[in-house]
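First up is the structure itself, then whatever we jot down about it.
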Amino acid sequence: MDQPVYHYFQDGSKLSFGADEFLFVELSESMSLVDALRVQLITTEVSSMKIPGILDVCPSHISYMIRVDPNRQDPRDLVAALHDAHARFPGAESSILETEIIEIPVYYDDPWTTEVLMKFRQRHQSPTETDIAYCARINGFSTIRDFISAHSGSPFIATFPCFIPGNAECFQLVPRKRQIQAPKYVSPRTETPARAVGHGGAFTTVYPTRSPGGYQLIGRSPVPVFDMTQTNPGFEKSIVLAQPGTIFKYRPIDYDEYFETRASVECGQYHYRRSPVHFNYAEFVQDIDGYNARLMEELS
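In terms of this note's numbering, the sequence shown has 708 at position 278, counting the first letter as 1, and numbering is strictly consecutive.
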């Protein structure tokens, strides 16, 4: 198939083709909440078009990819439809995202992730510290407790459902100067406990299962974010908890609550605290902390 290497939309987004099956559209080269929200709005619009031949629409932080069946759809013929979707959502400033907020309990600085991460200090950025102590220090927090307060004090939004079902990278809804940043491991771990909470770059994620990984480990949740059997409450409609645009509130818990919650999960009695919400970017930027407080009140 002959096509130009790149195609540019009027908003500056760049489209490229991957052989006969893929289209990749990049809205920006740096992370932006506005662009992340636009990705959610545009990909939802494209999915709703029900265009024959589209097999999958995959949103990411500031980009998205579409896979087509080349026997049913020429990727080049989708360019006009994508132009229309981008034109319908020229920005996220005046748009409202229909989503939900879900609380995730987290035992920060827990013994299990600490035991695992201490096996992988060779070539770590700070071999003598735990990951959470390292994250606290490089982000300017005096103590781990201060780091936990900042991490759990404002909600996060899922901007990229990524490599393992249930794994979703989430961006904290705070001003850029308050974004928690941490590099990934220089040499990835070959082991990560299931439900470990990690932070890498500007993103937090919960590891759905025991797996390799490279995020700095800051805690562990007692609740699943993935259920292949769909037998646990909260997974009736999907095997994964996080959908693109889902908002998460991480709540610190202690050792005793961790085990109480695990027991509730294991007997099928745990119910997530969750509520549908409308995320209005214009109202959010006018009073970020106040808007976040109102979002989190929905969990009550």
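Each residue gets a CB set at the ideal place from its N, CA and C atoms; glycine is no exception. Owing to the predicted nature of the structure, the values given are computational and were not obtained by experimental measurement.
What does DSSP give as the partner residue(s) for residue i in the beta ladder?
i           : result
residue 625 : Paired residues: none, contrary to the question.
residue 588 : 600
residue 452 : 448 and 497
residue 656 : 670
residue 555 : DSSP lists no partner for residue 555.
residue 647 : 628
residue 437 : 445
residue 619 : 643
residue 612 : 631
Using C-beta distances below 6 Å, list every residue in its chain close to residue i, excluding the 5 sequence neighbours before and after it, in chain order.
i           : result
residue 564 : 556
residue 644 : 614, 615 and 618
residue 703 : 533 and 729
residue 464 : 522
residue 664 : 702
residue 540 : 649 and 650
residue 550 : 619
residue 477 : 487
residue 490 : 590
residue 483 : 498, 499, 502 and 503
Note the first and the last residue of the continuous beta strand (DSSP E) segment covering residue i.
i           : result
residue 567 : Taken as a continuous stretch (DSSP letters only), residue 567 belongs to no beta strand (DSSP E), being part of the alpha helix (DSSP H) at 561 to 568.
residue 704 : 704 to 710
residue 529 : 526 to 538
residue 633 : 633 to 636
Leaving out five residues on either side along the sequence, give the residues of the same chain with a beta carbon under 8 Å from the beta carbon of residue i.
i           : result
residue 481 : 503, 508 and 511
residue 653 : 534, 535, 625, 691, 695, 700 and 702
Below 7 Å CB to CB, which residues in the same chain sit around residue i once its five sequence neighbours on both sides are set aside?
i           : result
residue 641 : 594 and 622
residue 561 : 547, 646, 647 and 648
residue 518 : 475
residue 553 : 616 and 617
residue 705 : 530, 531, 728 and 729
residue 448 : 454
residue 721 : 713 and 714
residue 485 : 497, 498 and 499
Hey, residue i and residue j are a contact pair by Cβ (cut 8 Å); roughly how many whole angstroms apart?
i           : j           : result
residue 520 : residue 576 : Not quite, the Cβ-Cβ distance comes to about 40 Å (not below 8 Å), so this is no contact.
residue 443 : residue 451 : That pair is no contact at about 20 Å.
residue 529 : residue 707 : 6 Å
residue 637 : residue 597 : 7 Å
Just curious, the alpha helix (DSSP H) that residue i is in, first and last residue?
i           : result
residue 683 : It is not in any alpha helix (DSSP H) - residue 683 carries neither H nor E in the DSSP assignment.
residue 722 : 718 to 727
residue 547 : 541 to 547
residue 606 : Note, residue 606: premise wrong, no alpha helix (DSSP H); not H, not E.
residue 751 : What is shown of the chain runs 431 to 730, which leaves residue 751 out entirely.
What I want to know is whether the C-beta of residue i ends up closer than 7 Å to one or more non-hydrogen atoms of the ligand MG.
i           : result
residue 475 : For the structure depicted, the ligand MG is absent and the ligand set is empty, with no information on it obtainable.
Q: Starting from the N-terminal side, write out each stretch of the alpha helix (DSSP H) that is 4 residues or longer and does not extend beyond the stretch 473 to 523.
A: Here the runs fully enclosed are 509 to 518.
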